[in-house]
Each structure stands twice: as structure tokens, then as C-alpha cells.
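Worksheet for the structure shown next.
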Amino acid sequence: MKSTTTQIEFDRQLDKLKIREFRKTGDLNLLKSLFSKYVHLVYGLSLNCLDDRSKAIETVSLVYEKLRETVVVQEIENLKAWLYVKTKDLCFEELKAAGNVDSLAWKQWQIDRTSTKASYSGTLFLERFQNRNRAFMKALDTLPITEKTCVDWFYGKEKPMSEIAKLMDMEECDVRALLRKVQKDMSTLYLSNDER
Amino acid sequence: MNDKELQNEIKILLDYLSDNLTSRDRYLFERKVECDAFDQEAIDGCLKISPSEVKQDLNTLRRGASCVRSKCFLWVSLAIFIVVFIVMACLFFPKLQSPKHVSSSPIKSAVQVPAPEPKADSVLKETFQEPVVTDTVVSVEESPKVEEQVSTGVKIPVPSPEKYNEVINYKGRIVDAESKKPIQWAEVSVHDSDRKTITKGDGTFSIDLAGSTTPCFIVKFRNYMDTEFVLSESNSETILMKPKSEGSAEPIESIFAGKKNLASEPQPEGGMAKFKKYLAANLVYPQDVTNPTEQTVEVNFLVKPTGQPINFEVTSSPGRAFTTETMRVISRGPWWYPAKIDGNAVMGDVSLTVVFKPHAGK
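Read top to bottom, the protein sequences are chains A and B. Mapping of the first sequence onto this note's numbering: residues 8 to 203, in sequence order. Mapping of the second sequence onto this note's numbering: residues 110 to 471, in sequence order.
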């Protein structure tokens, strides 16, 4: 089912058009409305990295300033991805300045920030599951029983994580972590040939 | 997304955090979040604090623009008032001291100075923090200079100070000097800068530069000599690139040999060495070939910014079976890291030479 990918691509093209319009007209309201679309994500991500509400709010302002500076001199192909990378970079700079950075997380980010696969793994996982891709389903069968059950309940029977947590006698955050782990592990099995 | 849709999305987020959604809505929200790393980490962050705190902060961020604007307006008004007061004082104080200028009527509004309109764009811009009164141009050169390039003798034009604050679009087209065919994916970079772009299928390119940047460019492409050129603002020029060796072009260098700049070209996940091992382990020599010998298949393909390889083109192959097998193995291979320019993933091309050895593979 291509609807998720299509929607993502549609949003990306729409953002690109708005950026182009801003670069032609210089209308800051356009840029502000564009940024408002993602401000809750930037805020949430900053809060996740910094664990401080006031610093998260400051980071949102910094990201907006960076966006204003950057969009004048170059076109941004994928605004959402750009905001994600820029926000995380600023958060890590803040943590480094405060001497609180986790070196493992920093190293992992240096790898992930160049890998577009990491940001698309969730969409592709959902699509593969919904299309019942043979090799993909075969690989799912090889997962440990806990992970397989989580995946079946969430993607197959469409149960929310809170219900899955109750059914499996787990915490909701553990269910979330398990699903993301499966997504990451399965990402190496994506078959690009099937998409053509 | 208009304001109403945005408000709705924020409402759904807050309802999710407050556990006010139905089971089905909760599932749909979670499924959407799990599709994107950005959404995932944002939700993780929002779950660390209470929903009311999230709501408060999001409202602060939304209101922040208007609060800053009104604060800014107050400061500017105060500054203007002080300036006007000083000007009036300078004008009238000497007159008051001189006896000839004493008049019966009080000097209250002899000179009416209309309050100047605050500048719309440069000061009252809506920002999410304290306003910084700077223009949006990235840099301004303080001492423009004219210099000659040693390599080509091209004089670099001096940027006009009037255009320092503008963004100027430069366009051009890169073609082969002999055949006049457009050259796609040639790298066009700005002299003394990290700014780069690549040409499209018709050889054209477009690049926006700050008005203070000198419009001197260098174009590079494999098997062609690096070419320097200067563009003017108004015209789109055609630039001719000469091949490195007159007549026959050099063979395309396989990416298995030599070192390349990893930051700018597509690379397979795990590196080229691992990709070679993958090919060696998975390529199956076609069975219906009499007198099997070592064969090579040359294949070009594009790598999308998402890392997906597409548009396979086999330029040299001993037979259809070899072609099919090559494409089967590459398309099922590891993901590719896309090419990058200025930190942004772009479409890149890859040229591979795949070697088939008899009695190899599964």
C-alpha cells in the first residue's frame, strides 16, 4: 500500500513549493506557517534530547533562525528531514557545551544523520507488512515470539500499544521499544526491486 | 496544512498524551508516529512531561512570536522617541538661549516631526526569540576586491555594494565542447566557497548566491577538464567542457579501484569492500554457458536521495543471463548511502564493473 509513501512525498513537495514561494516573495508569514507545521515535532525532539523545557523552547527558536538563514541562500529538498537533522545537531551542541553528551549516542547520531534509511524504515516496514511481501513475512516468522506477537498485534490486528501492553503484561514503553527494534532489525531485508 | 488542520493535529497530540482518544484513534496516531523517526523521538520527548506542560509550552511557542513583536515595537518606539527628543532639543535649545528668538507664544509644536513608520521587514519580523536586527544575507564582504585567476586569467567581477543584501540567481548550461550534448550531473561549485550544485538532464543548472558573492564557478565532471567560468546575473550562458584526452574518452573508472570522496558519492551500506564480498558470495554464474570463462558486466545506475538504486543501465554485458543476474544481485543488495552536496542528499550515479567467475556463487 503506497498511501503512506505518497502522503510523505506529497507533503515534501508541498513544503518545497512553499519554500520556493518564500524565496521569491520574501513573505515571512509563509515561512512562519511552514515552520508552525513542525514546531511541535522540533519541540518534542529537543525535549527528548535535552530533558529541559526552557532549553527545548530556546532550541525551537534557534532552529527557526537557522531555517531563516538557510532558506534564503539554498533550496531545502526535504524540510522535515532538514529540521530533524538540524534540531538534533543543535541539541548535541548544547549538550556538548554543557558537558552532558553521551558519547555513544553522539557516535550513533553521526552515523544515522547521513543515513536516510533510518528515517524511512518505519514507512517501509508498514508498507511491506501491508503488501504481505513474501520474503518480509518469512523473515518476520524468524523473530523471537515476543517481538513477533507485538508486530502481529500492532500491524496485523491494529491494536494500540496500551492494549498490547495489557495483553502481554508489559509496559507501554517496552512495547514501543520492541516495535522499533524490530523495525531497525528488519530494515536490512528491504527489497528495493519490489518497488519498481 | 492550513491553520485549522494544524490546530487539529496539535489537539490530537494533546489528546493522545492525555489518553483522551478512542482505541482506534490511538492506534492510528501511533501507527503514523512509528512511520517516522522524527515523530517517534518527538513523542518520546512529549511523553517525558505532563500533557498540560506540553500544552503550555506549545502555546508559549505560538504566542512567542506576537509577544516578541509587541516587545520589539515598544523598544523601537522608545528609541524613536528619544531620537526625536534629542533632535528637537538640538534645534530649539540654542534658540531659547538667544534673546532675539524669544517669542510670546510657547514653543510647543513649532516643528512637527511625524513619528516615522517603523520598518516593516527588518525590525518587526516575527521571530520566536528576541529580535536580531540583521538582514537575512549570510555574509557581507567588507572590502570588495578585483583579482585575476592565475589558472585562466579570468577577471572576477566586483560585487556591487547595492546588491549585497540581495539573493541573485545564476543560470547556465554545461555541454560537451565537441558534440554539444548536455552533460548531466556535472558538479558546479562556487569559487572559494563550499556551495555546489549539479546539472540536470538537459545540462542546465541554477544556483542562488548572496549578492556579495563573486559569480565565479568551476565545473567538474569525470573524463572532462575542470572548467572555470564567470556568469552574469541576467543571462544564462552555455559552458563548453573539453574531454581530458582528445578523441577517445578514457574508460570509466570502476568504483572498486581507487579512492573516492566518500562524503559526496553514493556508497553501499557497510562500504565497498563489504559490497564486493556480497557480490562475490551471491553472484551465480549462468548455467547454460558453454566453456565458462571470467566475464564482466558494466552497469550504471542512479541512487535516489532515499538510498534506493534505480534506472539500471547495462553498458557492457556478455549476455542476457549475465545482465539479469547482475541486476538481481545488486537490487537485492544492501542499501546505499546517497550522494551529498552541502549536507543534503541528492541523486547520484554509480558505475560498477561486476566480475563473474566460473564455479563461483551459490
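Note that CB positions come from ideal geometry on N, CA and C, so glycine has one too.
Task: Sufficient close CB pairs (3 or more, under 8 Å) joining the region 272 to 288 of chain B to the region 311 to 329 of chain B - done: Yes, since at least three Cβ pairs between the region 272 to 288 of chain B and the region 311 to 329 of chain B fall closer than 8 Å, the two stretches touch.
TODO: Identify, in the order they occur along the chain, each residue of the same chain with its Cβ nearer than 8 Å to the Cβ of B:LEU130, setting aside the five sequence neighbours on each side.
DONE: Here the question's residue 130 of chain B lines up with position 21 in the second sequence. For B:LEU130, where only same-chain residues beyond five positions count, the Cβ hits under 8 Å are ILE121, ASP124, PHE138.
Task: Delimiting residues of the beta strand (DSSP E) encompassing A:CYS180 - done: The count along the first sequence starts at 1 and reaches residue 180 of chain A at position 173. Unbroken run through A:CYS180 is the alpha helix (DSSP H), 179 to 193; no beta strand (DSSP E).
Open item on the list: Do B:VAL406 and B:VAL459 have their beta-carbon atoms positioned less than 7 Å apart in this structure?
Closed with: In the second sequence, counting from the first residue as 1, residue 459 of chain B sits at position 350. In the second sequence, counting from the first residue as 1, residue 406 of chain B sits at position 297. No; because the gap between Cβ atoms is not below 7 Å, this pair is not in contact.
TODO: For B:LEU167, decide whether its Cβ has a neighbour in chain A, counting only Cβ atoms nearer than 7 Å.
DONE: Residue numbering aside, residue 167 of chain B sits at position 58 when the second sequence is read from its first letter. Chain A contact via Cβ: present.
TODO: Determine, using beta-carbon pairs with one atom in the region 433 to 449 of chain B and one in the region 406 to 418 of chain B, whether at least three such pairs fall under 8 Å.
DONE: yes
Open item on the list: Less than 7 Å between the C-beta atoms of B:VAL284 and B:THR347, yes or no?
Closed with: By one-based count along the second sequence, residue 284 of chain B stands at place 175. By one-based count along the second sequence, residue 347 of chain B stands at place 238. Result yes, Cβ atoms of B:VAL284 and B:THR347 sit closer than 7 Å.
TODO: Look at A:GLY51 and B:ALA198 and say whether their C-beta atoms are less than 7 Å apart.
DONE: The count along the first sequence starts at 1 and reaches residue 51 of chain A at position 44. The count along the second sequence starts at 1 and reaches residue 198 of chain B at position 89. Taking 7 Å as the Cβ cut-off, A:GLY51 and B:ALA198 do not qualify as a contacting pair.
- [ ] Out of A:LEU54, A:GLY33, A:VAL189, A:THR32, state which residue places its alpha-carbon closest to the alpha-carbon of A:CYS98.
- [x] The residue you call residue 98 of chain A lines up with position 91 of the first sequence. The shortest Cα separation from A:CYS98 among A:LEU54, A:GLY33, A:VAL189, A:THR32 belongs to A:LEU54.
Task: Cβ of A:THR130 within 7 Å of any chain B Cβ - done: In the first sequence, counting from the first residue as 1, residue 130 of chain A sits at position 123. Yes, contact with chain B.
- [ ] Report yes if the CB atom of B:SER132 is closer than 7 Å to the CB atom of A:PRO167, and no otherwise.
- [x] Position 23 of the second sequence, counted from the start, is the residue given in the question as residue 132 of chain B. Position 160 of the first sequence, counted from the start, is the residue given in the question as residue 167 of chain A. For B:SER132 and A:PRO167, yes; Cβs fall inside 7 Å.
Task: Ordered list of alpha helix (DSSP H) runs contained in the region 394 to 464 of chain B, each at least 4 residues - done: 429 to 440
Open item on the list: I need the boundaries of the beta strand (DSSP E) containing B:ILE348, first residue and last residue.
Closed with: Residue 348 of chain B sits at position 239 when you count from the first residue of the second sequence. Segment 346 to 350, the beta strand (DSSP E) holding B:ILE348.
Task: Short CB-CB distance (under 7 Å) between B:SER231 and chain A - done: Taking the first residue of the second sequence as 1, we reach residue 231 of chain B at position 122. The pLDDT assigned to B:SER231 is 41, lower than 50, so where the model puts this residue is not dependable; a value taken from the coordinates is nonetheless given after this. So no, B:SER231 is outside the interface.
Open item on the list: Looking at B:LYS280: is its Cβ nearer than 7 Å to the Cβ of B:ILE450?
Closed with: Here residue 280 of chain B corresponds to residue number 171 of the second sequence, with the count starting at 1. Here residue 450 of chain B corresponds to residue number 341 of the second sequence, with the count starting at 1. Taking 7 Å as the Cβ cut-off, B:LYS280 and B:ILE450 do not qualify as a contacting pair.
- [ ] Give the secondary structure of B:GLN116 by DSSP, where H, G and I count as helix, E and B as strand, and everything else as coil.
- [x] Working through the second sequence from its first residue, we reach residue 116 of chain B at position 7. Residue state, collapsed to three classes: helix.
Task: Spatial distance of B:PHE386 from A:LYS191 (CA atoms) - done: The count along the second sequence starts at 1 and reaches residue 386 of chain B at position 277. The count along the first sequence starts at 1 and reaches residue 191 of chain A at position 184. Residue 386 of chain B is actually Lys in this sequence, not Phe. Near 23 Å, if we compare the C-alpha coordinates of A:LYS191 and B:LYS386.
- [ ] Can you say whether A:ASN85 is buried or exposed, counting buried as having 16 or more other CB atoms within 10 angstroms of its CB?
- [x] Residue numbering aside, residue 85 of chain A sits at position 78 when the first sequence is read from its first letter. When all chains shown are included, A:ASN85 counts as buried.
Task: Three-state class that DSSP yields for A:GLN20 in the structure shown - done: For the purposes of this step, residue 20 of chain A is taken as residue 13 along the first sequence, with counting starting at 1. DSSP places A:GLN20 in helix when its eight states are reduced to three.
Task: Reduced DSSP secondary structure (H/G/I, E/B, other) of B:GLU378 - done: One-based indexing of the second sequence puts residue 378 of chain B at position 269. In the three-state DSSP reduction, B:GLU378 falls in the coil class, being neither helix nor strand.
Task: B:PHE326 versus B:THR402: straight-line alpha-carbon distance, rounded - done: Your numbering for residue 326 of chain B matches position 217 in the second sequence. Your numbering for residue 402 of chain B matches position 293 in the second sequence. CA-to-CA, the gap between B:PHE326 and B:THR402 works out to about 48 Å.
Open item on the list: Looking at A:THR94: is its Cβ nearer than 7 Å to the Cβ of B:CYS144?
Closed with: Counted from its first residue, the first sequence places residue 94 of chain A at position 87. Counted from its first residue, the second sequence places residue 144 of chain B at position 35. Result no, Cβ atoms of A:THR94 and B:CYS144 do not sit closer than 7 Å.
Task: The beta strand (DSSP E) enclosing B:SER315, as first and last residue numbers - done: Translated into positions along the second sequence, residue 315 of chain B becomes position 206. Looking at the DSSP string, the run of the beta strand (DSSP E) that includes B:SER315 is 313 to 319.
Open item on the list: 7 Å is my cut-off, CB to CB: does A:GLU165 come that close to chain B?
Closed with: Position 158 of the first sequence holds residue 165 of chain A. Yes, contact with chain B.
Open item on the list: Determine, for B:VAL438, whether the minimum Cβ-Cβ distance to residues of chain A falls below 7 Å.
Closed with: In the second sequence, the residue the question calls residue 438 of chain B occupies position 329. No, B:VAL438 does not count as interfacial toward chain A.
TODO: Would you verify that the beta carbon of B:GLU422 is, or is not, closer than 7 Å to some beta carbon of chain A?
DONE: By 1-based counting over the second sequence, the position of residue 422 of chain B is 313. It does not; no Cβ of chain A falls within 7 Å.
Open item on the list: Just to confirm before moving on: does the CB-CB distance between B:GLY457 and B:VAL412 stay below 7 Å?
Closed with: Your numbering for residue 457 of chain B matches position 348 in the second sequence. Your numbering for residue 412 of chain B matches position 303 in the second sequence. Inclusion of B:GLY457 and B:VAL412 in the CB contact set at 7 Å is warranted, their separation being smaller than that value.
Task: chain A contact for B:VAL276 (CB, 7 Å cutoff) - done: Reading the second sequence from its first residue, position 167 is the one you call residue 276 of chain B. Closer than 7 Å: yes.
TODO: Please report the residue range of the beta strand (DSSP E) in which A:GLU82 lies.
DONE: Position 75 of the first sequence, counting from 1, holds the residue named residue 82 of chain A. Counting along the chain, A:GLU82 sits inside no beta strand (DSSP E), nor does DSSP assign it H or E at all.
Task: Per DSSP, the bridge partner or partners of A:PHE29 - done: In the first sequence, the residue the question calls residue 29 of chain A occupies position 22. DSSP lists no partner for A:PHE29.
TODO: May I have the straight-line CA-CA distance separating A:TYR162 from A:ASP148, to the nearest angstrom?
DONE: For the purposes of this step, residue 162 of chain A is taken as residue 155 along the first sequence, with counting starting at 1. For the purposes of this step, residue 148 of chain A is taken as residue 141 along the first sequence, with counting starting at 1. Each residue's alpha carbon lies about 14 Å from the other.
Open item on the list: Could you compute how far the alpha carbon of A:GLU165 sits from the alpha carbon of B:THR313?
Closed with: Taking the first sequence and counting its residues from 1, one reaches residue 165 of chain A at position 158. Taking the second sequence and counting its residues from 1, one reaches residue 313 of chain B at position 204. Distance from the CA of A:GLU165 to the CA of B:THR313, rounded to the nearest whole angstrom, comes to 48 Å.
TODO: In angstroms with no decimal places, state the Cα-to-Cα distance between B:ARG441 and A:ARG141.
DONE: Numbered from its first residue, the second sequence carries residue 441 of chain B at position 332. Numbered from its first residue, the first sequence carries residue 141 of chain A at position 134. Taking the straight line joining both Cα atoms gives about 14 Å.
Open item on the list: Any C-beta of chain B within less than 7 Å: which residues of the region 95 to 113 of chain A qualify?
Closed with: none
- [ ] Give the single residue among A:ASP59, A:LEU48, A:VAL79 whose Cα lies nearest to the Cα of A:LYS31.
- [x] Here residue 31 of chain A corresponds to residue number 24 of the first sequence, with the count starting at 1. It is A:VAL79.
Open item on the list: Contact defined as beta carbons within less than 8 Å: I believe B:ILE170 pairs with A:VAL46. What is the distance between those atoms, to the nearest angstrom?
Closed with: By 1-based counting over the second sequence, the position of residue 170 of chain B is 61. By 1-based counting over the first sequence, the position of residue 46 of chain A is 39. It should be pointed out that residue 170 of chain B corresponds to Leu in this sequence rather than to Ile. With 8 Å as the limit, B:LEU170 and A:VAL46 qualify as a contact, their Cβ atoms being about 6 Å apart.
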